[in-house]
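Chemist:
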Amino acid sequence: MGENTTSNAGRLRAKTGTIIAGGALIGAALLFTASSSSASPGYPVQAGDGLPEQIVLDAVIRDFRAKELAGGHPDFQAYAGSTTVGLVADELDSQGLPVTASLRGKELRAEYRDASGRAINPGLFDPSLGDDAGELRTGGPGNGLYSEESFSQWYRDVLGVNTSTVVPLTLKRQGDTNRYIFDSASDAPYTDIGGFFPIDGELYGDYADSGHNFHFTTQISTQFVYDADAEQVFKFTGDDDVWVFIGGRLVIDLGGLHSRKEQFLDLNRLGWLVDGKTYTLSIFHAERRTTQSNFRIETTLNLRQIELPPTSALHD
Numbered sequence: 001m002g003e004n005t006t007s008n009a010g011r012l013r014a015k016t017g018t019i020i021a022g023g024a025l026i027g028a029a030l031l032f033t034a035s036s037s038s039a040s041p042g043y044p045v046q047a048g049d050g051l052p053e054q055i056v057l058d059a060v061i062r063d064f065r066a067k068e069l070a071g072g073h074p075d076f077q078a079y080a081g082s083t084t085v086g087l088v089a090d091e092l093d094s095q096g097l098p099v100t101a102s103l104r105g106k107e108l109r110a111e112y113r114d115a116s117g118r119a120i121n122p123g124l125f126d127p128s129l130g131d132d133a134g135e136l137r138t139g140g141p142g143n144g145l146y147s148e149e150s151f152s153q154w155y156r157d158v159l160g161v162n163t164s165t166v167v168p169l170t171l172k173r174q175g176d177t178n179r180y181i182f183d184s185a186s187d188a189p190y191t192d193i194g195g196f197f198p199i200d201g202e203l204y205g206d207y208a209d210s211g212h213n214f215h216f217t218t219q220i221s222t223q224f225v226y227d228a229d230a231e232q233v234f235k236f237t238g239d240d241d242v243w244v245f246i247g248g249r250l251v252i253d254l255g256g257l258h259s260r261k262e263q264f265l266d267l268n269r270l271g272w273l274v275d276g277k278t279y280t281l282s283i284f285h286a287e288r289r290t291t292q293s294n295f296r297i298e299t300t301l302n303l304r305q306i307e308l309p310p311t312s313a314l315h316d
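For the sequence shown, position 269 (counting from the first letter as 1) is numbered 269 according to the numbering used here, and the numbering increases by one without interruption.
This is the structure we're talking about:
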């Protein structure tokens, strides 16, 4: 990843203050979680005068049919496994989309953790920062991707393969802080329907007798200005696949079908970020299998919306 680990180690260890909001919050970096738990202990926040009470993010949702159905996709309702890293390449392609690096990847048997015990992307492991090593092993046939071609359809509109729409997500400010949360476990309408099901009864319709429309992907893009003194952090917890890229580089890697998992990121860990420069934050998520779907979004980053990718809403 091109990290400058020596300078980052000193920078991270010197940080002991709070986060100060640097301006109006227009977009958001995301924290996904499968529960309604509160923010992580020690999560640094401070009153942010002038911040809005809520932020609305637009997410592109693409719906797919389960593998066993006519016109079904081979990656949906097809695998069952555990957290798998290394399925996607470390950098986005020229269209700003993820590409496959391996169809099987490596199974994450034990979490890699930072000095505070928070799970991190194994690709960012740095013992000089006090990180603890986890365990990886070569992935087996129970999890992964069908083919490079099948994966290339996840975040593109493909006639006869998927259909798409845009769904707004509302993040609510938490008291007099610069912290915002969307939580499918506590926010309507998701809390009333038992999870993150943004397209129930729509597009290809609900799956079998589940009562929900499973088998979809979520794509969100936004921008932020990196502030080396602002303690900018990011966390994801949930299922299934989620990959997060900053400036086109992979920073969160939670691929595969798995139960509730999380990874935490302190942006000061990324030695290639330049103070004061604007970066794109890209989130790629997939809900690939029954029986649960939920996530939680939390942010202190000051971001702004950028133009959404085109959606066709075409299907058979």
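Where a beta carbon is used, it is the ideal one built from N, C-alpha and C, also for glycine.
Treat the numbers as computed from the prediction; the structure is a model and nothing was measured.
Could you give the C-beta distance for S184 and S282, rounded to a whole number, given that I count them as a contact under 8 angstroms?
Modeler: If you number the sequence shown from 1, residue 184 lands on position 184. If you number the sequence shown from 1, residue 282 lands on position 282. Rounded, the Cβ-Cβ distance is 21 angstroms, inconsistent with contact.
Chemist: Does Q77 pass the burial test, meaning 16 or more other C-beta atoms within 10 Å, or should it be called exposed?
Modeler: Within the sequence shown, numbered from 1, the residue matching residue 77 stands at position 77. Result: buried.
Chemist: Quick one: using the 10 Å Cβ neighbour count with 16 as the cut-off for buried, is K277 buried or exposed?
Modeler: For the purposes of this step, residue 277 is taken as the residue at position 277 of the sequence shown. Exposed is the call here.
Chemist: Give me the residue from R304, H215, Q263 with the minimum Cα distance to R62.
Modeler: The residue labelled residue 62 in the question sits at position 62 within the sequence shown. Ranking the options by Cα distance to R62, first place goes to H215.
Chemist: Going by C-alpha to C-alpha distance, which of E68, A70, A66, I297 sits closest to S186?
Modeler: Position 186 of the sequence shown, counting from 1, holds the residue named residue 186. Ranking E68, A70, A66, I297 by Cα distance to S186 puts I297 first.
Chemist: Identify, in the order they occur along the chain, each residue of the same chain with its Cβ nearer than 6 angstroms to the Cβ of D131, setting aside the five sequence neighbours on each side.
Modeler: As a first step, residue 131 must be located in the sequence shown, where it is residue number 131. Around D131: D114, F125.
Chemist: Pick out whichever of P189, G105, A70 has its Cα sitting closest to the Cα of D253.
Modeler: Numbered from 1 along the sequence shown, position 253 holds the residue referred to as residue 253. When each option's Cα is compared against that of D253, the closest is G105.
Chemist: Apart from the five residues just before and just after Q95, which ones in its own chain have a Cβ nearer than 7 angstroms to its Cβ?
Modeler: Taking the sequence shown and counting its residues from 1, the one referred to as residue 95 is at position 95. Result list for Q95: empty, nothing under 7 angstroms.
Chemist: What are the boundary residues of the beta strand (DSSP E) that includes T191?
Modeler: Looking up residue 191 in the sequence shown gives position 191. Segment 190 to 193 is the alpha helix (DSSP H) holding T191; no beta strand (DSSP E) there.
Chemist: Tell me the DSSP secondary structure of S210 in three-state form.
Modeler: As a first step, residue 210 is located in the sequence shown; it is residue number 210 there, counting from the start. It is coil, neither helix nor strand.
Chemist: Out of R249, W243, D241, K235, which one is the CA nearest neighbour of Y264?
Modeler: Reading the sequence shown from its first residue, position 264 is the one you call residue 264. As written in the sequence, residue 264 is Phe, which differs from the Tyr given in the question. Considering only alpha carbons, the answer is K235.
Chemist: Any chance you could list the beta strand (DSSP E) runs of at least 3 consecutive residues sitting entirely within the stretch 212 to 263, in chain order?
Modeler: Whole beta strand (DSSP E) segments, 3+ residues: 216 to 225, 233 to 238, 242 to 246, 249 to 254.
Chemist: Anyone know if the C-beta pair for L92 and G256 falls short of 8 angstroms?
Modeler: The sequence position of residue 92 within the sequence shown is 92, counting from 1. The sequence position of residue 256 within the sequence shown is 256, counting from 1. Taking 8 angstroms as the Cβ cut-off, L92 and G256 do not qualify as a contacting pair.
Chemist: In three-state terms, what does DSSP make of P98?
Modeler: As a position in the sequence shown, residue 98 is number 98, starting the count at 1. It is coil, neither helix nor strand.
Chemist: For E135, count neighbouring Cβ atoms within 10 angstroms of its own Cβ and tell me buried if that reaches 16, exposed if not.
Modeler: The residue you call residue 135 lines up with position 135 of the sequence shown. Per the 10 Å Cβ criterion, exposed.
Chemist: For F182, collect the residues of the same chain with a Cβ closer than 6 angstroms to its Cβ; drop the 5 residues on either side in sequence, then sort them by chain order.
Modeler: In the sequence shown, the residue the question calls residue 182 occupies position 182. Here the set comprises L169, L171, I297.
Chemist: Tell me the DSSP secondary structure of P122 in three-state form.
Modeler: Along the sequence shown, one-based indexing puts residue 122 at 122. Helix.
Chemist: Residues bridged to H73 by DSSP?
Modeler: Within the sequence shown, numbered from 1, the residue matching residue 73 stands at position 73. In DSSP, H73 forms no bridge with anything.
Chemist: Roughly how many angstroms separate the alpha carbons of L270 and A70, rounded to a whole number?
Modeler: Within the sequence shown, the letter at position 270 stands for residue 270. Within the sequence shown, the letter at position 70 stands for residue 70. Spanning the two alpha carbons is a distance of roughly 45 angstroms.
Chemist: So, is T138 buried or exposed, given that buried needs 16 or more other C-beta atoms within 10 angstroms?
Modeler: As a first step, residue 138 must be located in the sequence shown, where it is residue number 138. Flag for T138 reads exposed.
Chemist: At the level of alpha carbons, what is the spacing between V167 and P198?
Modeler: Residue mapping note: residue 167 aligns to position 167 of the sequence shown, counting from 1. Residue mapping note: residue 198 aligns to position 198 of the sequence shown, counting from 1. Approximately 7 angstroms between the Cα atoms of the pair.
Chemist: Given that a residue counts as buried once 16 or more other Cβ atoms are within 10 Å of its Cβ, and exposed if not, what is L159?
Modeler: In the sequence shown, residue 159 corresponds to position 159, counting from 1. Classification of L159: exposed, given that the 10 Å Cβ count is below 16.
Chemist: L51 bridges to which residues according to DSSP?
Modeler: Your numbering for residue 51 matches position 51 in the sequence shown. The partner list for L51 (beta bridge, DSSP) is empty, contrary to what the question assumes.
Chemist: Indicate whether at least one CB of chain D lies closer than 8 angstroms to the CB of F224.
Modeler: In the structure shown, chain D does not exist; there is a single protein chain.
Chemist: According to DSSP, is D148 part of a helix, a strand, or is it coil?
Modeler: Taking the sequence shown and counting its residues from 1, one reaches residue 148 at position 148. Before going on, a small fix: residue 148 reads as Glu here, not Asp. The answer is helix: DSSP assigns E148 an H, G or I state.
Chemist: Using the three-state DSSP reduction, which class does P198 fall into: helix, strand or coil?
Modeler: As a first step, residue 198 is located in the sequence shown; it is residue number 198 there, counting from the start. P198 falls in the coil class under three-state DSSP.
Chemist: I'd like to know whether the C-beta atoms of V251 and N143 end up nearer to each other than 8 angstroms.
Modeler: Numbered from 1 along the sequence shown, position 251 holds the residue referred to as residue 251. Numbered from 1 along the sequence shown, position 143 holds the residue referred to as residue 143. No, Cβ-Cβ distance for V251 and N143 is not below 8 angstroms.
Chemist: Expressed to the nearest angstrom, what Euclidean distance is found between the alpha-carbon atoms of D266 and D227?
Modeler: By 1-based counting over the sequence shown, the position of residue 266 is 266. By 1-based counting over the sequence shown, the position of residue 227 is 227. Roughly 12 angstroms separates the two Cα atoms.
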